[in-house]
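Residue numbers (this note's numbering): 148 to 302.
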């Protein structure tokens with residue numbers, strides 16, 4: 148990374164394949180990044196970080212660069228497979244304390260086992276009657292022996 152503006156979420160990568168540099172944005176970073184956790188935790192990279200990246204020609208130029216990074220990850224790391232769905236999100240975990248620059252290392256959760264869903268809670272059930280129902284707003288009150296005073300319901 149030649150430069151990175153943490154507040155604006157973009158920087159420039161230098162490489163022989165992209166003379167003059169390739170513009171990179173925070174949304175293209177994978178595997179490991181840094182973030183300022185005192186505000187909105189936008190992912191970023193420290194200048195000088197060695198990275199691997201996929202790129203394309205930028206027409207028109209982006210941030211003064213004729214090339215644009217499509218995916219960026221730490222050099223030597225294996226990037227996660229790109230999703231084939233229209234939208235996907237990423238889960239990131241902080242690692243350790245902030246460095247002298249105030250930025251904390253963040254690692255992307257890439258293995259499904261790392262992001263296990265908690266088991267759904269088992270909720271009690273009851274049989275009752277509808278005390279009142281507001282059709283226009285889609286809510287009402289149900290009565291049963293298990294819900295003294297009634298239970299609010301909506302659709």
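Where is the CB? At the ideal position from N, CA and C, for every residue including glycine.
Secondary structure at residue 174: helix, using DSSP grouped into helix, strand and coil. CA-CA distance, residue 283 to residue 301, rounds to 11 Å. Counting the other CB atoms within 10 Å of its CB gives residue 173 a total of 16 or more, which places it among the buried residues.
For residue 281, the enclosing beta strand (DSSP E) begins and ends at 276 to 281. Residue pairing for residue 254: DSSP places it in a beta bridge opposite 179 and 240. Taking one beta carbon from each stretch, the region 162 to 172 and the region 202 to 211 have 3 or more pairs nearer than 8 Å; the two touch. As DSSP reads the structure, residue 221 sits in a beta bridge with 198.
Minimum Cα-Cα distance from residue 256 among the listed residues 274, 232, 266 and 242 corresponds to 242.
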